[in-house]
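Every letter in the sequence shown is one number past the one before it in my numbering, and letter 85, counting from 1, is 134.
For glycine and all other residues, C-beta sits at the position ideal for the given N, C-alpha and C.
Model, not experiment: these values are computed from the prediction.
These notes are about the structure you will find just below.
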Amino acid sequence: MDGVFRALADSGRRQLLDSLHARNGQTLNELCEKMAMSRQAVAKHLGILEEANLVATQKRGREKLHYLNPVPINDIADRWIGKYERPRLKALAELKKSLEGKDDD
């Protein structure tokens, strides 16, 4: 998970992920059009995202298509966000029961 957090720490990489979320399966050239950085910088950021397993690639002829892999982000949500939400959800459920006059009995 450390690699995922490091990859997500950079705003340029988050922008690339947002672009892939909007339209999956883009080439390096297509991604470069939306970024205010050099082709080499975009390629380097994509490499970091690939190492973190946030981006998967597929060759199509001479082109390399980039796809968002949401699994590591979901893992972060489950590990770091979900566990903090459970107590709040349980408290809301208990409050609802209490306000509706229902007991567990």
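Leaving aside the five residues before and after Gly52 along the sequence, list all residues of the same chain whose C-beta is less than 7 Å from its C-beta, in chain order. Within the same chain, Gly52 has close Cβ partners Glu100 and Ala101.
I want to check one thing, is the minimum distance from the CB of Val120 to the heavy atoms of the ligand ATP below 7 Å? No copy of the ligand ATP appears in this structure; indeed no ligand is present at all.
Look at the alpha carbon of Leu138 and the alpha carbon of Lys145, and state the distance between them as a whole number of angstroms. Across the structure, Leu138 and Lys145 are spaced so that their CA atoms are roughly 10 Å apart.
Any contact of the stretch 81-92 with the stretch 123-133, i.e. 3+ C-beta pairs under 8 Å? Result no; under three Cβ-Cβ pairs closer than 8 Å.
Could you say which of Ser60, Arg128, Lys108 and Asp59 lies nearest to Met50 if we only look at CA atoms? The residue from Ser60, Arg128, Lys108 and Asp59 with its alpha-carbon nearest to that of Met50 is Arg128.
Considering only the alpha carbon of each residue, which of Asp59, Lys132 and Ala105 lies closest to Leu117? For Leu117, the nearest C-alpha among the options comes from Ala105.
For the stretch 119-145, list the alpha helix (DSSP H) runs that are entirely contained and at least 4 residues long, ordered along the chain. For the stretch 119-145, whole alpha helix (DSSP H) runs of length 4 or above, ordered along the chain, are 120-125.
Please confirm whether Leu66 and Leu103 have their CB atoms less than 8 Å apart. Contact: yes.
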